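K.L.:
Below is a structure I'd like to ask you about.
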């Protein structure tokens, strides 16, 4: 095996064993390597309880730009003052480690800052009440410029009598300048999934929005209905599910690559990456049973995966196979022989099946309500 492939898939196995995402597993593996090989004093602090896992992570993160020798020297320097971090907050810990790292190798710290721009990105996180956080990780000059432009725009509108707050104006301007429309939805396919009952019969079954999560039925209907204040094209696509199980009706292709219709079907079914404990967005569609092993290009033999998980499963010793289940189910086997099962989430209108324990809890709740009503009638 080539040297660069040694240890391939270890981080993914750590993530599965800890029931963490693959990204978290990779960070944990990097943390363990640094503590064991280069920062023995920080490791000792973690073992004795003087440092918690997050503080140890901060020490490793802030010395990542240093050589192994300089990192060990910083570890030695920080350990020489046993009470340095006593009562200190996270910011104080970061400041102390950064100062020690800069004294040891100022050029590496400066180079790290100059290369950080390569990590710029935009991310989306759900927030309560059908809101979300759109975060841009930018070089400081660009980030300050974006904020200044939005602030100036908001102040101009407020001076002209606009009743919206500065924050509301900045948020609205960000949407309009990014999407080119006031509502931010025209020309964008958002793949909002809901039942026909929710759309046409005012049912309360919540809908599902890829990239965000579960949204209230009323909000979904409002988005799906034409609005004079927010002109946009509304397209409805019917998706059929099997009675009882809620699994999507199958579709297949004789080609190796997934055609657009089948790709969309699998993406609707899987929602996020199908690797257990990973909820990253789907970037790749691949065969559960590989094409070269006789796997077919079908809905039942397809799975949506993030880029990292799709590469991890190709490492030696990994295998995936379909398994019987109420919905689309696969079993992932790691090189150590551990098995992990993945079942597609239920589509709107098909909740998770009730277990014996949940059924018993529901019965107890009904009994408790009946007893309370009986006591109230007796007291009256």
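In my numbering, the protein residues as written are 53 to 432.
We put the beta carbon where it would ideally sit given N, CA and C, even for glycine.
Computed from a predicted model, the values in this text were never measured in an experiment.
Look up residue 252 in the DSSP assignment and say whether it is helix, strand or coil.
P.N.:
The DSSP-derived three-state label of residue 252 is helix.
K.L.:
Looking at the strands, I want to know which residues DSSP matches up with residue 269.
P.N.:
According to DSSP, residue 269 bridges with nothing at all.
K.L.:
May I have the straight-line CA-CA distance separating residue 170 from residue 196, to the nearest angstrom?
P.N.:
18 Å
K.L.:
Does the beta-carbon distance from residue 258 to residue 400 come in below 9 Å?
P.N.:
yes
K.L.:
Between residue 114 and the ligand PLP, is there a pair consisting of the residue's CB and a ligand heavy atom that are separated by less than 8 Å?
P.N.:
The ligand content of the structure shown is nil, which means the ligand PLP is not present either.
K.L.:
If residue 135 sits next to residue 364, beta carbons under 8 Å apart, how far is it from one beta carbon to the other, in whole angstroms?
P.N.:
Actually they are not in contact, since the Cβ atoms of residue 135 and residue 364 sit about 43 Å apart, beyond 8 Å.
K.L.:
Look at the alpha carbon of residue 353 and the alpha carbon of residue 373, and state the distance between them as a whole number of angstroms.
P.N.:
9 Å
K.L.:
In terms of residues, what are the limits of the alpha helix (DSSP H) holding residue 293?
P.N.:
Taken as a continuous stretch (DSSP letters only), residue 293 belongs to no alpha helix (DSSP H), as it is neither H nor E.
K.L.:
Mapping the DSSP letters down to three states, classify residue 361 as helix, strand or coil.
P.N.:
In the three-state reduction of the DSSP assignment, residue 361 falls in the helix class, which pools H, G and I.
K.L.:
Considering residue 178, what are the terminal residues of the alpha helix (DSSP H) in which it resides?
P.N.:
Note, residue 178: premise wrong, no alpha helix (DSSP H); beta strand (DSSP E) at 173-179.
K.L.:
Are there three or more Cβ pairs, one per stretch, closer than 8 Å when the region 323-336 is compared with the region 65-82?
P.N.:
yes
K.L.:
Pop quiz: residue 111 and residue 94 are said to be a contact at Cβ under 8 Å. What is the actual Cβ separation, rounded to whole angstroms?
P.N.:
5 Å
K.L.:
Within 10 angstroms of the Cβ of residue 289, are there 16 or more other Cβ atoms? Answer buried if so, exposed if not.
P.N.:
exposed
K.L.:
Report buried or exposed for residue 183, applying the criterion of at least 16 other Cβ atoms within 10 angstroms of its Cβ.
P.N.:
exposed
K.L.:
Throw me the rounded Cβ distance for the residue 385 and residue 375 pair, which I believe falls under 8 Å.
P.N.:
That belief does not hold up - the Cβ atoms of residue 385 and residue 375 are roughly 11 Å apart, past 8 Å.
K.L.:
Whole alpha helix (DSSP H) runs in the region 339-397 with 4 or more residues, listed along the chain?
P.N.:
359-364
K.L.:
Give me the Cβ distance between residue 114 and residue 149, rounded to the nearest whole Å; I'm assuming they're in contact under 8 Å.
P.N.:
4 Å
K.L.:
Please name the residue in 96, 316 and 143 whose C-alpha comes closest to that of residue 241.
P.N.:
316
K.L.:
Looking at the unbroken alpha helix (DSSP H) that takes in residue 112, where does it start and where does it end?
P.N.:
105-114
K.L.:
Counting only runs of 4+ residues fully inside the region 132-197, write out the alpha helix (DSSP H) ranges in chain order.
P.N.:
142-156 and 158-167
K.L.:
In the DSSP output, what is residue 118 paired with across the bridge?
P.N.:
Answer is none; residue 118 lacks a bridge partner.
K.L.:
Among 192, 174, 207 and 194, which one has its Cα closest to the Cα of residue 186?
P.N.:
174
K.L.:
What residue from 319, 273 and 379 has the CA that sits closest to residue 252's CA?
P.N.:
273
K.L.:
Could you compute how far the alpha carbon of residue 424 sits from the alpha carbon of residue 416?
P.N.:
12 Å
K.L.:
For the candidate residues 369, 293 and 398, whose alpha-carbon lies nearest to that of residue 390?
P.N.:
369
K.L.:
Relative to the C-alpha of residue 361, which residue among 122, 191 and 335 is closest?
P.N.:
The shortest C-alpha to C-alpha distance from residue 361 to any of 122, 191 and 335 is the one to 335.
K.L.:
Could you check the C-alpha separation between residue 161 and residue 356 for me, to the nearest Å?
P.N.:
Approximately 39 Å between the Cα atoms of the pair.
K.L.:
Tell me whether the beta-carbon of residue 178 lies closer than 9 Å to the beta-carbon of residue 265.
P.N.:
yes
K.L.:
Specify, as a first and last residue, the run of the beta strand (DSSP E) that residue 68 falls within.
P.N.:
Per DSSP, residue 68 belongs to no beta strand (DSSP E); it is in the alpha helix (DSSP H), 62-70.
K.L.:
Quick one: give me the first and last residue of the alpha helix (DSSP H) that residue 225 is part of.
P.N.:
Counting along the chain, the alpha helix (DSSP H) containing residue 225 begins and ends at 218-231.
K.L.:
Excluding sequence positions up to five away, which residues of its chain have a Cβ less than 6 Å from the Cβ of residue 188?
P.N.:
174
K.L.:
Could you check if residue 88 is buried or exposed, using at least 16 other CB atoms within 10 Å of its CB as the buried criterion?
P.N.:
With fewer than 16 Cβ atoms within 10 Å of its Cβ, residue 88 is classed as exposed.
K.L.:
Could you tell me the boundaries of the alpha helix (DSSP H) in which residue 316 lies?
P.N.:
312-322
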